[in-house]
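Residues 269 to 680 (the working numbering) are what the sequence shown spells out, left to right.
Below is one structure, written out as structure tokens; comments come after it.
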Amino acid sequence: MPGSALSSLVDVQHFDLTNPPAGFVEDPFPFYDALLSEAPVLAQPDGSFLISRHADLDRIYRDTTLYSSDKKAIFAPKFGLGSPLFEHHTTSLVFSDPPLHTRVRRIMSSALTPRAIARMEPGLIATVDHLLEGLNDRPSVDLIADFASRIPIEVIGNLLDVPLEERAPLRDWSLAILGALEPSLSEADLTTGHRAVEEFRDYLRDLIARRRESPGDPETDVLTRLIGDENSATERLNETELIQNCIFILNAGHETTTNLIGNALALLHDYPEQRALLLAQPELIKPAVEEVLRFRSPNQLGNRETKALVEIGGVAIPRGSNLQLMIGAANRDPAVFAQPEVFDITRRPNRHLAFAGGPHVCVGLTLARLEGKIALERFIARFPDYQILPGRQHGGRLRFRGYAALPAQLSV
Ligand code: HEM
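Structural data, given as structure tokens:
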């Protein structure tokens with residue numbers, strides 16, 4: 269149903285992200301429309317504020333003087349001070365301010381340069397082709413379990429050189445740890461999240477010890493690079509920072525990229541004229557990936573905390589407030605995107621905020637774009653007539669938007 273038709277039915281002033289109305293998880297877009305037009309800055313019952321306009325998010329992401337990424341105040345009551353999830357999420361670079369952020373980010377981005385990523389391309393193509401080969405003769409497949417989720421696990425596994433036979437638990441750990449960032453959590457989610465951090469931490473301790481004994485090539489092995497050279501004067505991470513940021517890189521690059529690929533395949537099925545266009549003009553692959561990132565952003569929500577009293581859109585927001593940055597809404601803002609509700613793979617320019625912006629802009633964006641491009645172009649070239657079958661399951665999350673299952677028939 270077109271967003272604008274439903275948006276007038278949405279009671280936006282009482283919208284509560286921790287207790288969203290029926291239908292929001294499956295289709296948040298009418299609600300985003302209503303937020304943009306009626307309440308672009310909306311106070312929440314828990315004291316946080318929803319911010320939806322593209323211009324506001326863009327400005328907030330760039331301004332680290334007024335807006336902090338540090339989440340200790342929010343995560344202490346949510347996870348328990350000193351708990352595994354607390355330690356993980358408050359030590360990873362994404363939820364920290366300088367100087368920790370600057371230090372970790374410098375080391376991490378030096379390992380993910382465009383040159384380093386270009387070197388990964390042949391391996392990535394081989395991984396995708398191998399997966400496609402395995403799908404070839406099957407009457408039906410699950411595009412998430414059998415394809416989309418398998419690519420980032422291999423890519424990030426290669427990045428840290430995790431032995432192939434040790435990769436199986438990575439996906440569940442990652443889903444449990446990132447799942448704990450949902451606006452509201454059950455006791456069971458918390459327990460699973462804490463356990464996942466502990467198991468992941470124990471695993472990495474062992475992997476790091478092995479890597480210290482026999483280091484890899486720092487040019488290609490990100491873990492060796494993050495461990496650093498004990499005999500060199502260059503800055504290094506302490507043990508906790510090292511472990512927690514390895515966990516973060518594995519998580520950050522997994523669910524998001526799975527969702528990019530899964531969402532892209534679902535959209536190209538649901539909009540057959542766009543699929544036909546991409547098949548006729550394969551050179552549109554890069555703008556097509558950008559449009560998927562805008563239209564079904566894998567990460568729908570960001571957060572910042574105000575460091576002072578601020579005014580956004582005429583609303584005074586006290587110091588210490590949690591801002592819920594509605595990336596999914598900002599990427600449909602008609603002030604920036606003509607006909608934002610139209611999925612158009614030729615859209616240019618496409619200034620979406622799917623990777624956020626400013627000093628915390630996604631470190632892995634070049635890699636994610638490359639994964640999306642190769643997965644998509646090779647998939648549709650091989651299976652141009654694929655059909656999604658009834659039974660698709662939404663992942664059920666507000667922050668990370670994607671499918672848990674996407675059954676499909678590959679050839680007709
Ligand atoms: C389509 C896939 C992806 C999307 C949509 C995505 C989205 C994002 C967003 C929105 C942020 C900013 C969070 C914030 O500051 O509030 C972020 C940060 C980050 N992402 Fe990604 N990401 C993706 C893939 C990846 C990959 C493949 C990697 C690693 C190989 C990665 C590593 C990171 C890291 C390390 C940060 C933290 C940067 C910092 O705080 O300075 N991401 N990502």
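Cβ coordinates follow ideal geometry from the N, Cα and C atoms, glycine included.
These numbers come from a predicted model, not from an experiment.
TODO: Spell out a yes or no on whether the stretch 480-489 and the stretch 317-332 are touching, meaning 3 or more CB-CB pairs, one atom from each, closer than 8 Å.
DONE: no
Task: Contacting residues, own chain, Cβ-Cβ under 6 Å from Ala379 (five flanking each side not counted) - done: Val490 and Arg493
Open item on the list: One question on the structure: do Asn531 and Arg562 come within less than 8 Å of each other, judged by their Cβ atoms?
Closed with: no
Task: Nearest residue (CA-CA) to Leu428, options Ala344, Leu353, Ser337 and Gly521 - done: Gly521
TODO: Using the Cα positions of Val629 and Ile328, report the straight-line distance between them to the nearest angstrom.
DONE: 12 Å
- [ ] Determine the DSSP secondary structure at Pro288, reduced to helix, strand or coil.
- [x] coil
Task: Ala556 Cβ short of 7 Å to ligand 1 heavy atom set - done: no
Open item on the list: Just to confirm the assignment: which complete alpha helix (DSSP H) runs, minimum length 4, are found wholly within the stretch 281-347?
Closed with: 297-306, 322-330 and 340-347
Task: Local Cβ density within 10 Å of Asn527, reported as buried at 16 or more and exposed below that - done: buried
- [ ] From the DSSP output, in three-state form, read off His620 for me.
- [x] coil
TODO: Please indicate yes or no: does the CB of Met376 lie closer than 7 Å to some heavy atom of ligand 3?
DONE: In the structure on display, ligand 3 does not appear, and the ligands it does have are ligand 1.
Open item on the list: Nearest by alpha-carbon distance to Arg469: which of Thr488, Asn426, Pro486 and Leu518 is it?
Closed with: Proximity to Arg469 across Thr488, Asn426, Pro486 and Leu518 peaks at Leu518, based on C-alpha coordinates.
Task: Span separating the alpha-carbon of Val309 from that of Val583 - done: Using only the alpha carbons, I get a separation of about 7 Å.
Open item on the list: Nearest by alpha-carbon distance to Ala598: which of Pro289, Phe292 and Phe299 is it?
Closed with: Ala598 has its Cα closest to that of Phe299, out of Pro289, Phe292 and Phe299.
Task: Where Glu591 sits in the DSSP three-state scheme - done: According to the sequence shown, residue 591 is Leu rather than Glu. Of the three classes helix, strand and coil, the one that applies to Leu591 here is strand, per DSSP.
TODO: Decide if Gln661 is buried, meaning its Cβ has at least 16 other Cβ atoms within 10 Å, or exposed.
DONE: exposed
Task: 8 Å Cβ cutoff met for Ala464 and Ala444 - done: yes
TODO: Could you tell me whether any non-hydrogen atom of ligand 1 is closer than 7 Å to the CB of Ala622?
DONE: Correct: Ala622 has its Cβ closer than 7 Å to ligand 1.
TODO: Label Gly350 either buried or exposed according to how many other C-beta atoms from any shown protein chain fall within 10 Å of its C-beta, with 16 as the threshold for buried.
DONE: exposed
Open item on the list: So, with DSSP's three-state summary, where would you put Phe668?
Closed with: Judged by DSSP in its simplified three-state form, Phe668 adopts strand.
Open item on the list: Tell me the rounded alpha-carbon separation between Ser679 and Pro550.
Closed with: 20 Å
TODO: Would you check whether ligand 1 has a heavy atom nearer than 7 Å to the C-beta of Pro296?
DONE: no
Open item on the list: Here's a check: name, in chain order, each residue in its chain whose Cβ is nearer than 8 Å to the Cβ of Phe292, leaving out the five neighbours to either side.
Closed with: The answer, listed in chain order, is Phe299 and Leu666.
Open item on the list: Buried or exposed, going by whether 16 or more other CB atoms sit within 10 Å of the CB of His369?
Closed with: buried
TODO: Starting from Gln607, trace the beta strand (DSSP E) both ways and give me its first and last residue.
DONE: Per DSSP, Gln607 lies in no beta strand (DSSP E) and is assigned neither H nor E.
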